[in-house]
Amino acid sequence: MPLFLKVFTHHQKKLLLMAVYAAMGLSAVPAAAASLRDKIMERRQEKQEQKVAQNAKSDGGQNEMSDADTTNTSVAGLPPGTRVLRDIAYGSDQRQTVDVYLPAAVIAHPGMPVIVMVHGGAWKVGNKTARGVVENKAAHWLPKAYVFIAINYRMLPDTKPLEQADDVARALAMAQGRAAEWGGSRSKFILMGHSAGAHLVSVLASNPAIASKAGAGPWLATISLDSAAYNIKQIMEQKHYRFYDDAFGSDPAYWQAVSPSLLLKQAAAPFLAVCSSQRPDKPCLQAEAFVSKAKSLGMLAQTLPQGLSHADINKNLGLENAYTAAVDKFLKEVDSSLP
1 MPLFLKVFTH HQKKLLLMAV YAAMGLSAVP AAAASLRDKI MERRQEKQEQ KVAQNAKSDG
61 GQNEMSDADT TNTSVAGLPP GTRVLRDIAY GSDQRQTVDV YLPAAVIAHP GMPVIVMVHG
121 GAWKVGNKTA RGVVENKAAH WLPKAYVFIA INYRMLPDTK PLEQADDVAR ALAMAQGRAA
181 EWGGSRSKFI LMGHSAGAHL VSVLASNPAI ASKAGAGPWL ATISLDSAAY NIKQIMEQKH
241 YRFYDDAFGS DPAYWQAVSP SLLLKQAAAP FLAVCSSQRP DKPCLQAEAF VSKAKSLGML
301 AQTLPQGLSH ADINKNLGLE NAYTAAVDKF LKEVDSSLP
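Our numbering applies: residue 1 is where the sequence shown begins, and numbers increase by one.
See below:
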């Protein structure tokens with residue numbers, strides 16, 4: 001071994017080797033170095049999520065874990081003529097509210113499709129006005145004559161994920177019941193969620209009885225934006241991010257009850273699983289497993305991998321890009337009458 005290498009620690013040697021391979025332009029990296037790289041990426045992502053979560057907590061829960069800015073959801077920041085109905089209650093808790101975004105009167109017509117959007121934030125932070133939840137989605141779908149609804153729900157530590165899914169179901173039931181007064185169609189609802197919100201809508205998609213119990217009827221489709229939590233049991237039995245412990249505890253029976261992949265027993269509404277191909281925890285693997293099971297049951301189900309960050313999968317949806325076009329294409333496959 002060269003003398004200069006003897007002064008380095010084992011960890012430093014691995015980092016040096018990785019730098020050498022990169023400088024040489026080699027695509028093949030030794031297995032040990034690749035493993036170390038993955039661990040570094042995982043730890044970096046975990047630290048970033050914990051930091052943003054802490055910032056959100058100190059800011060009154062207004063921030064989403066993946067994006068600390070608040071969107072401009074004033075009428076001035078939305079498509080011209082947008083009407084906004086703020087903080088409509090679906091329960092007695094002050095967090096059980098929704099915002100309803102209605103297209104301009106010149107665009108709106110009776111029987112419009114309705115998108116219900118559920119924010120993320122590791123089941124413990126976040127808000128329906130967090131940046132990325134509304135802005136680009138409203139800009140894209142309101143001019144197409146959609147109603148867009150963003151919801152809040154109760155969160156950790158006092159409300160566990162299964163109860164959060166019930167909140168989403170109750171919000172859905174309320175919105176379906178009032179859809180006609182907003183120009184929407186009760187039979188044309190689309191459930192959409194990002195991150196933790198993607199997990200919650202996936203729970204309802206895989207166990208529609210939760211929604212039925214809350215008074216909700218069937219919906220057209222479910223769109224999950226970058227959930228890595230389809231099989232909670234599998235996650236908890238392996239090395240995992242610490243915030244999963246806060247959300248799901250240590251009871252294997254509870255893990256089973258909140259695992260969309262394990263809850264799915266029969267065909268349900270069409271399902272689109274968008275997933276980031278950049279994340280070190282590889283959410284596309286869980287998404288593909290869920291979609292494969294859904295297809296085996298006769299469901300229309302698709303994965304849509306994207307080379308985007310976790311945050312960008314949320315806030316880039318609605319921009320004029322191939323990603324948004326693919327989501328629109330999926331919705332057309334579900335119902336060709338959709339705008």
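Beta carbons are placed, not taken as given, at the ideal position from N, Cα and C, and that holds for glycine.
Residue range of the unbroken beta strand (DSSP E) whose run includes residue i
i    : result
K188 : 184 to 194
Q302 : 301 to 306
S224 : 221 to 225
V116 : 112 to 118
Spatial neighbours of residue i in its chain, beta-carbon cut-off 8 Å, leaving aside the 5 residues before and after
i    : result
A179 : V114, V147, S185, R186, F189
G111 : G183, G184, S185, K188
T82  : V75, Y101, L102, P103, A104, A138, L142
P80  : A104
V327 : I223, L272, V274, L304, L317
V291 : F271, A273, A301, Q302, T303
Y153 : R95, Q96, V118, T159, Q164, D167, V168, A171, L200
E181 : none
Contact check, residue i vs residue j, beta carbons under 9 Å
i    : j    : result
L264 : N207 : yes
P305 : S259 : no
P161 : A247 : yes
V118 : N127 : no
L346 : Y101 : No answer is possible for residue 346: the residues shown for the chain start at 1 and end at 339.
A253 : M299 : no
D166 : I232 : no
D99  : I151 : yes
A257 : A216 : no
S250 : Y230 : no
Q286 : Q238 : no
E135 : G77  : yes
A214 : A169 : yes
A196 : V116 : no
T324 : H140 : yes
Cβ shell of residue i (< 6 Å), same chain only, five flanking positions each side left out
i    : result
M219 : In the sequence on display, residue 219 carries Trp and not Met. Within the same chain, W219 has close Cβ partners F189, L191, A269.
H194 : G120, L225, N314
K124 : M155, L156
A171 : Y90, V98, I151
H199 : S227, A229
V334 : L220, A221, P270
A23  : Note on A23: pLDDT 48, under 50, position unreliable in the model; no value is reported.
P339 : K144, A145
D281 : A228
R86  : D99
A205 : T222, A268, F271
L331 : L338
Closer than 8 Å: residue i CB and nearest the ligand ZN heavy atom
i    : result
A165 : The ligand ZN is absent from the structure shown, which contains no ligands of any kind.
Which residues DSSP lists as bridging residue i, in chain order
i    : result
A150 : D99, M117
R83  : L102
I88  : V98
L319 : L317
The alpha helix (DSSP H) enclosing residue i, as first and last residue numbers
i    : result
Q164 : 161 to 178
S212 : 209 to 213
T324 : 322 to 334
D158 : Neither: D158 is in no alpha helix (DSSP H) and is coded neither H nor E.
E135 : 135 to 141
H310 : 310 to 315
7 Å Cβ shell around residue i - same chain, five flanking residues per side excluded
i    : result
I107 : P143, A145
A89  : Q96, T97
K293 : S261, L264
G307 : S277, Q278
Y244 : I235, M236
N321 : none
S309 : S276, Q278
S336 : none
L319 : N136
C284 : C275, S277, T303, P305
C-beta neighbour in chain D for residue i, strict 9 Å
i    : result
L156 : Checking the listed chains, one finds no chain D in this structure; it contains a single protein chain.
Margin query: Could you tell me which whole beta strand (DSSP E) segments of length 3 or greater appear in the stretch 237 to 301?
Written below: 271 to 276
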